[in-house]
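Protein chains in written order, with my numbering: chain F, 7 to 260; chain C, 924 to 1244.
Structure below.
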């Protein structure tokens, strides 16, 4: 199996994961509705409740963006579990293709849809009044940081999906992992409004640091150590879960 | 070695359940090997081992001359796999499924498209080709699954219960496909629960029951092993009297079939004429009479032991691994 073949097979399987978005308008709408709804609910509704609509939008949008992106990471493991459950994975396994190609296709496709989701969320944000106040370089840095962090989480998702007995149980496990990460963070609620234990957790939670990094990179203000802490977490998560996922995958694909 | 598929002493356990308990299989190049057995007999496990999807706990298997355990990549270049659990990507259209497989097998884009178009045509999927496979009926999915497994024109084809649950017309269409594959020189291993299917397609039949081979041979050999020819009669009237006559001549109590059929085994070639003479003397008119070999159904029943201790509705055969 040459590297070129492996790459071509990986690209074919990336295409395979992305083409349903073109085939079925429902798939694409579903993908785009999630960021739109989240932004409308959190940014517009909560923003209106706070009185200072413009300030709330500037503060909340980066937080909602992390939420949207994190929720999207479930896809990686969910689709892997579905492929395993319905026999598509076995079809690939019985074929003379690189063992790594199905996983590579999955990760590449999910990175592409994640980029699309983030772009849509920022566009919808612009529509409801969110303005990037920093240089394009800083803004791109923010997007890159978000993609990097969700890529690391994607490997946790992949690991769960490869270990799960079914797609449904994978979804349950992923939700159990994501809920404390997203809601137990300062992404949407300031730490000052939280009870003691939650404050402690929110300060530790990488999602808090990610959201605060994005705020600084999109709207200005002091970045502090948030970016480095976020990068450190992303690295640590990847260092743990890439090997775990690859091992679970090798067992499955054998 | 002339056998394209060859397995000796295959053993596979799932926990404390033994799916295969020393199964031997052999298929000559260009032949159809029918693996026949009830649900849960171990057929799917055997196919999964041969298709390199499951590693056996014991025994060895060679497919196209390559050991499934040591050279799985070589085996995968030769085989096509299709199953009762039609494994197509439901979100892709039928055409996209076929093109994807062609591309994965290294065909250039135009080649993969042309191949897909040909298979769509051959399998009568033209109307549905550009619809998501998830919207297909059971028969269409099965046809697509079979088409997908033939994209690479494999020289060895594994079909795991390809027609289970399909209506007779679709089944007959799939049989034609199997015959075409044989005609182009492929070797086929086909598992089935349908005796008729094995009878129609297989050159050799292996009967598997609870993880073991319980019989093997050609369909005729298996029928012969099930017992002797039988004389069947259906009297127009006086059925009891006819039965008494049969019992008197053979010394056996006749078997009652459906629709008033009475039958006895023919142990003596002179029996039929004797029976007809006596019935004629007694003035009994026969609505129907036949001298026939046992059906494969009867052979099957005779050769497969009754699973007395197995609970009814045994678990699905497909292992979770």
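Idealized CB from N, CA, C, for every residue including glycine.
All figures in this text were calculated on a predicted structure; none of them were measured in a lab.
> For residue 1179/C, which of helix, strand or coil comes out of DSSP?
Replying inline: strand
>> Give me, in chain order, the residues of the same chain whose beta-carbon lies closer than 7 Å to that of residue 1186/C; leave out the 5 immediate sequence neighbours on both sides.
In response: 1153, 1154, 1155, 1177, 1178, 1180
>> According to DSSP, residue 937/C sits in a beta bridge with which residue or residues?
In response: 940/C
> Using a beta-carbon distance below 8 Å, is residue 1110/C in contact with chain F?
Replying inline: no
> To the nearest whole angstrom, what separates the beta carbons of residue 1056/C and residue 1097/C, a pair I think is in contact under 8 Å?
Replying inline: Between residue 1097/C and residue 1056/C the Cβ distance is about 17 Å, and since that is not below 8 Å, they are no contact.
>> Need the endpoints of the alpha helix (DSSP H) that residue 1016/C sits in, please.
In response: Unbroken run through residue 1016/C: none, as it is neither H nor E.
> Under a Cβ-count criterion, where at least 16 other Cβ atoms within 10 Å of its own Cβ denotes burial, should residue 203/F be classed as buried or exposed?
Replying inline: exposed
>> Please classify residue 1104/C as buried or exposed, where buried requires at least 16 other C-beta atoms within 10 Å of its C-beta.
In response: buried
> If you measure from the beta carbon of residue 203/F to each beta carbon in chain C, is any gap under 8 Å?
Replying inline: no
>> Contact defined as beta carbons within less than 8 Å: I believe residue 40/F pairs with residue 94/F. What is the distance between those atoms, to the nearest angstrom?
In response: About 24 Å separates the two Cβ atoms, so there is no contact after all.
> For residue 1082/C, which beta-bridge partners are listed by DSSP?
Replying inline: 1005/C, 1113/C
>> Quick check on residue 1012/C: buried or exposed, where buried means 16 or more other Cβ atoms within 10 Å of its Cβ?
In response: buried
>> Let me make sure I understand the geometry here. Which of 179/F, 231/F, 220/F, 164/F has the alpha-carbon closest to that of residue 252/F?
In response: 164/F
>> Determine whether the beta carbon atoms of residue 176/F and residue 37/F lie at a separation below 8 Å.
In response: no
> Which class does residue 1243/C belong to by DSSP, given the choice of helix, strand or coil?
Replying inline: Only weak support is given to the placement of residue 1243/C: the predicted model assigns it a pLDDT of 39, under 50, and the value that follows is read from those uncertain coordinates. Three-state result, residue 1243/C: coil.
> Going along the chain, which residues of the segment 85–107 of chain F sit with their C-beta nearer than 7 Å to a C-beta in chain C?
Replying inline: 92, 93, 94, 96, 97, 99, 100, 101, 102, 103
> Just checking my contact of residue 67/F with residue 136/F at CB under 8 Å: how many whole Å lie between their CB atoms?
Replying inline: 4 Å
> Who are the Cβ neighbours of residue 1028/C in its own chain at under 6 Å, not counting the five residues just before and after it?
Replying inline: 1075
> Quick one: what's got a C-beta closer than 8 Å to residue 930/C's C-beta in the same chain, skipping five residues either side?
Replying inline: 946, 947, 948, 949, 969, 972, 973, 982, 983, 984, 985
> For residue 1141/C, which three-state DSSP category applies?
Replying inline: coil
>> Against chain F, with Cβ distances strictly below 8 Å, would residue 1000/C count as a contact?
In response: yes
> Whose C-beta lies closer than 6 Å to the C-beta of residue 103/F among residues of the same chain, with five residues either side of it excluded?
Replying inline: 15
> Is it buried or exposed for residue 925/C, if we count other Cβ within 10 angstroms and need 16 for buried?
Replying inline: exposed
>> Quick check on DSSP: helix, strand or coil for residue 1160/C?
In response: coil
> Hey, does residue 22/F have any beta-carbon neighbour from chain C nearer than 8 Å?
Replying inline: yes
>> Let's see if you can read the secondary structure: which residues bound the alpha helix (DSSP H) around residue 1089/C?
In response: Unbroken run through residue 1089/C: none, as it is neither H nor E.
> For residue 108/F, which residues of its own chain have a beta-carbon under 6 Å away from its beta-carbon, when the five flanking residues on both sides are left out?
Replying inline: 19, 98
> With 8 Å set as the bound, which would you pick, yes or no: does the beta-carbon of residue 1029/C sit closer than that to a beta-carbon of chain F?
Replying inline: yes
>> Suppose you measure from the CA of residue 1163/C to the CA of residue 1136/C; what does that come to, to the nearest Å?
In response: 42 Å
>> Would residue 996/C and residue 1021/C be called neighbours here (beta carbons separated by less than 8 Å)?
In response: no
>> For a minimum of 4 consecutive residues, which ranges assigned as the alpha helix (DSSP H) are wholly contained in the segment 127–213 of chain F?
In response: 142–169, 173–189, 202–210
> By the criterion of Cβ-Cβ separation under 7 Å, what are the contact partners of residue 25/F in chain C?
Replying inline: 1015, 1019
> Under the DSSP definition of a beta bridge, which residues are partnered with residue 1153/C?
Replying inline: 1188/C, 1215/C
> Nearest chain F C-beta to residue 1086/C closer than 8 Å, yes or no?
Replying inline: no
> Quick one: what's residue 929/C bridged to in DSSP?
Replying inline: 949/C, 985/C
> Which residue from 32/F, 181/F, 191/F puts its Cα closest to that of residue 207/F?
Replying inline: 191/F
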